[in-house]
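A.B. asks:
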Amino acid sequence: MRSLFRSFFQGGFECSTHRLPEGGGLDLLETTGHARHPLADYDAAARHGLRTVRDGLRWHLIEPRPGEYDWSSLLPQLQAARLQGTQVIWDLCHYGYPTHIDPFSPVFPQRFARFAAAAAAVIRDETGDVPWFCPVNEISYWSWAGGDMGLFGPAATERGGELKRQLVRAAIAAMDAIRTVDGRARFVAVDPMVHVTALDPAERPLAEAATLAQFEAWDMLAGRVCPELGGRPDFLDVVGVNYYPHNQWSLHEGTIWQGQPYYRPMRELLAGVHARYARPVLVAETGAEGDARAPWLRYVCDEVMAAMQAGVEIEGICLYPITDYPGWFDDRHCPTGLFGAPDPSFLRPLDFPLAHELAVQRARFADLADPALRRRADAAGTY
Numbered sequence: 533m534r535s536l537f538r539s540f541f542q543g544g545f546e547c548s549t550h551r552l553p554e555g556g557g558l559d560l561l562e563t564t565g566h567a568r569h570p571l572a573d574y575d576a577a578a579r580h581g582l583r584t585v586r587d588g589l590r591w592h593l594i595e596p597r598p599g600e601y602d603w604s605s606l607l608p609q610l611q612a613a614r615l616q617g618t619q620v621i622w623d624l625c626h627y628g629y630p631t632h633i634d635p636f637s638p639v640f641p642q643r644f645a646r647f648a649a650a651a652a653a654v655i656r657d658e659t660g661d662v663p664w665f666c667p668v669n670e671i672s673y674w675s676w677a678g679g680d681m682g683l684f685g686p687a688a689t690e691r692g693g694e695l696k697r698q699l700v701r702a703a704i705a706a707m708d709a710i711r712t713v714d715g716r717a718r719f720v721a722v723d724p725m726v727h728v729t730a731l732d733p734a735e736r737p738l739a740e741a742a743t744l745a746q747f748e749a750w751d752m753l754a755g756r757v758c759p760e761l762g763g764r765p766d767f768l769d770v771v772g773v774n775y776y777p778h779n780q781w782s783l784h785e786g787t788i789w790q791g792q793p794y795y796r797p798m799r800e801l802l803a804g805v806h807a808r809y810a811r812p813v814l815v816a817e818t819g820a821e822g823d824a825r826a827p828w829l830r831y832v833c834d835e836v837m838a839a840m841q842a843g844v845e846i847e848g849i850c851l852y853p854i855t856d857y858p859g860w861f862d863d864r865h866c867p868t869g870l871f872g873a874p875d876p877s878f879l880r881p882l883d884f885p886l887a888h889e890l891a892v893q894r895a896r897f898a899d900l901a902d903p904a905l906r907r908r909a910d911a912a913g914t915y
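Using this note's numbering, you'd call the opening residue of the sequence shown number 533 and step up by one each time.
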């Protein structure tokens, strides 16, 4: 099965670094232990066939003072990826930024672009691989959480639209800057894929508008709206969709769970994204907690395979996060990963049901690499 990536199934390391309204910030690469032992984590992922991963840079550590870069936090990850042969999609800004820069500042896009170009040069020189980047993770979600709801930095309210345009400017400037350093660079534009409905027919136009809002950042990057931001079709390279069990909801009634009325199959949402942009799609984040992990992966794989059979170009499925992690706001243990929290020897426990399901699905999707097998399967309706 052709793929842009080294492995169709991928693992994502939680790399959020957002600042909290009450002060201080998170560093999930540190608190999950991945920053201290990246080679062990890449080795563990590779043993389960995950040769492509999402990982992140910590801008707030790398640029402690304006224009001064310290790459000591990144180099161990780069070296580990090279030693293991792991392909990395690098998040350059996963909600976090240095304290000496304001995301609403007019200089923010160019400040970020300079950082992105410098990072691309380091990654080019250390790895030699065709580089993959997610310049700004989840522009739409960040704009809502940080610009409208005040949940994390910049902790604003009623400024979500302004923040979204600013983050799009920053992503565009970063991609332009990276291409001057390494013309081979590829990009994934990651945002949640959602569906919103309303039980009251009178409110369904509002629900439809909420659903359509998921496309705004991608449309801006592609230059379809707000052309003054500088968007162009080539800035929308691969569309990364994040999809979790809670990504569908009804106005006022809350989450619509799989199997409930009004829940739309994931395959339909994937087809809608692909039809809108005619670009390759990556399921850039998906996962569930606890005992729901394996059944959720089975559901996602069923839906992805059905979408692919219908002609949707899907390049991979990324289990995210691949390790358990402490909750953003309450520090609770979140059992989401294929691997748990490390012990003092940095051995991570394995979630056996999820590991088994992953093995089953890897074999299932690998069969599609053989055109003859795929033709027979299609004819028999096996997949």
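Backbone N, C-alpha and C define an ideal beta-carbon position, used for all residues, glycine too.
Should residue 765 and residue 754 be called a contact, given that it needs their Cβ atoms to be closer than 8 Å?
C.D. replies: Locating residue 765 in the sequence shown gives position 233, where the first residue counts as 1. Locating residue 754 in the sequence shown gives position 222, where the first residue counts as 1. Cβ distance < 8 Å, so residue 765 and residue 754 count as in contact.
A.B. asks: Hey, out of 581, 790, 714, whose CA is closest to residue 897's CA?
C.D. replies: To locate residue 897, count along the sequence shown from 1; it is residue 365. Considering only alpha carbons, the answer is 581.
A.B. asks: In chain order, what residues of the same chain lie with their CB nearer than 6 Å to the CB of residue 826, ignoring the 5 residues before and after it?
C.D. replies: Residue mapping note: residue 826 aligns to position 294 of the sequence shown, counting from 1. 885, 886, 889.
A.B. asks: When the distance is taken between beta carbons, is residue 605 closer than 8 Å to residue 594?
C.D. replies: For this step, residue 594 is matched to residue 62 along the sequence shown. For this step, residue 605 is matched to residue 73 along the sequence shown. In contact: residue 594 and residue 605 (Cβ atoms closer than 8 Å).
A.B. asks: When the Cα atoms are used, what is the spatial distance from residue 882 to residue 849?
C.D. replies: To locate residue 882, count along the sequence shown from 1; it is residue 350. To locate residue 849, count along the sequence shown from 1; it is residue 317. Rounded to the nearest angstrom, the two C-alpha atoms are 19 Å apart.
A.B. asks: Report yes if the C-beta distance between residue 817 and residue 544 is below 8 Å; otherwise report no.
C.D. replies: Along the sequence shown, one-based indexing puts residue 817 at 285. Along the sequence shown, one-based indexing puts residue 544 at 12. A contact, by the Cβ cut-off of 8 Å.
A.B. asks: Could you name the residues of the same chain whose beta carbon sits closer than 8 Å to that of residue 645, not counting the 5 residues immediately before and after it, in chain order?
C.D. replies: For the purposes of this step, residue 645 is taken as the residue at position 113 of the sequence shown. Here the set comprises 702, 705, 706, 708, 709.
A.B. asks: DSSP beta-bridge partners for residue 851?
C.D. replies: Residue 851 sits at position 319 when you count from the first residue of the sequence shown. 543, 818.
A.B. asks: Pick helix, strand or coil for residue 743, following the three-state DSSP scheme.
C.D. replies: As a position in the sequence shown, residue 743 is number 211, starting the count at 1. In the structure shown, residue 743 sits in a helix (DSSP, three-state: H, G or I).
A.B. asks: Compare the Cα-Cα distances from residue 781 to each of 728, 791, 734, 746 and report the closest residue.
C.D. replies: Here residue 781 refers to the residue found at position 249 when the sequence shown is read from its first residue. Nearest of 728, 791, 734, 746 to residue 781, Cα basis: 728.
A.B. asks: When you compare each of 585, 541, 868, 857 to residue 564 by their alpha carbons, which one comes out closest?
C.D. replies: Start at 1 with the first residue of the sequence shown, and residue 564 comes out as number 32. Checking every option, the nearest Cα to that of residue 564 belongs to 857.
A.B. asks: What residues are listed by DSSP as bridge partners for residue 681?
C.D. replies: The sequence position of residue 681 within the sequence shown is 149, counting from 1. Answer is 689, bridged to residue 681.
A.B. asks: Taking its Cβ as the centre, do 16 or more other Cβ atoms sit within 10 Å of residue 878, making it buried, or is it exposed?
C.D. replies: Position 346 of the sequence shown, counted from the first residue, corresponds to residue 878. Label assigned to residue 878: exposed.
A.B. asks: Where do the N-terminal and C-terminal ends of the beta strand (DSSP E) with residue 666 fall, by residue?
C.D. replies: Indexing the sequence shown from 1 puts residue 666 at position 134. First-last of the beta strand (DSSP E) with residue 666: 664 to 666.
A.B. asks: Are the beta-carbon atoms of residue 579 and residue 684 separated by less than 8 Å?
C.D. replies: Position 47 of the sequence shown, counted from the start, is the residue given in the question as residue 579. Position 152 of the sequence shown, counted from the start, is the residue given in the question as residue 684. Result no, Cβ atoms of residue 579 and residue 684 do not sit closer than 8 Å.
A.B. asks: Roughly how far, in whole angstroms, is the beta-carbon of residue 672 from the beta-carbon of residue 635, given that I think they are within contact range, below 8 Å?
C.D. replies: Walking along the sequence shown from the start, residue 672 turns up at place 140. Walking along the sequence shown from the start, residue 635 turns up at place 103. About 15 Å separates the two Cβ atoms, so there is no contact after all.
A.B. asks: Alpha helix (DSSP H) containing residue 592: first to last residue?
C.D. replies: Here residue 592 is taken as the residue at index 60 of the sequence shown, counted from 1. Run containing residue 592: 591 to 594, per the alpha helix (DSSP H) assignment.
A.B. asks: Check whether the Cβ atoms of residue 852 and residue 583 lie closer than 8 Å to each other.
C.D. replies: Against the sequence shown, residue 852 aligns to sequence position 320. Against the sequence shown, residue 583 aligns to sequence position 51. Taking 8 Å as the Cβ cut-off, residue 852 and residue 583 do not qualify as a contacting pair.
A.B. asks: Kindly provide the ranges of any alpha helix (DSSP H) runs that are 4 or more residues long and lie completely inside the region 559 to 610, ordered along the chain.
C.D. replies: The region 559 to 610 contains these whole alpha helix (DSSP H) runs: 560 to 563, 570 to 579, 591 to 594.
A.B. asks: If the criterion is Cβ atoms closer than 8 Å, does the pair residue 627 and residue 591 meet it?
C.D. replies: Locating residue 627 in the sequence shown gives position 95, counting from the first residue. Locating residue 591 in the sequence shown gives position 59, counting from the first residue. Not in contact: residue 627 and residue 591 (Cβ atoms no closer than 8 Å).
A.B. asks: Could you name the residues that DSSP lists as bridge partners for residue 788?
C.D. replies: To locate residue 788, count along the sequence shown from 1; it is residue 256. DSSP, once it has assigned bridges, lists no residue as partnering residue 788.
A.B. asks: Within the same chain, show all residues whose beta-carbon is closer than 7 Å to that of residue 917, passing over the 5 residues directly before and after it, in chain order.
C.D. replies: In the structure as shown, the chain starts at 533 and stops at 915, and residue 917 therefore has no counterpart that could be examined.
A.B. asks: Secondary structure at residue 671, three-state DSSP: helix, strand or coil?
C.D. replies: As a working note, residue 671 is residue 139 in the sequence shown. Note: residue 671 maps to helix in three-state DSSP.
A.B. asks: To the nearest whole angstrom, what separates the beta carbons of residue 588 and residue 561, a pair I think is in contact under 8 Å?
C.D. replies: The sequence position of residue 588 within the sequence shown is 56, counting from 1. The sequence position of residue 561 within the sequence shown is 29, counting from 1. Indeed they touch by this definition, with Cβ atoms about 6 Å apart.
A.B. asks: Quick check on this structure: which residue in 798, 844, 696, 900 has the alpha carbon closest to the alpha carbon of residue 676?
C.D. replies: Here the question's residue 676 lines up with position 144 in the sequence shown. Looking at the Cα atoms, 696 is the closest of the given residues.
A.B. asks: For residue 760, which residues from the same chain have a beta carbon less than 7 Å from its beta carbon, with the 5 sequence-adjacent residues on both sides left out?
C.D. replies: Here residue 760 refers to the residue found at position 228 when the sequence shown is read from its first residue. Excluding positions up to five away in sequence, the list is empty.
A.B. asks: Is the beta carbon of residue 659 sitting closer than 8 Å to the one on residue 716?
C.D. replies: What you label residue 659 is simply residue 127 of the sequence shown in a count that begins at 1. What you label residue 716 is simply residue 184 of the sequence shown in a count that begins at 1. No, the pair does not count as a contact, with Cβ atoms beyond the cut-off.
A.B. asks: So is residue 607 buried or exposed if we call it buried at 16+ other beta carbons inside 10 Å?
C.D. replies: Position 75 of the sequence shown, counting from 1, holds the residue named residue 607. Per the 10 Å Cβ criterion, exposed.
A.B. asks: Give me the DSSP bridge partner(s) of residue 779.
C.D. replies: What you label residue 779 is simply residue 247 of the sequence shown in a count that begins at 1. Answer is none; residue 779 lacks a bridge partner.
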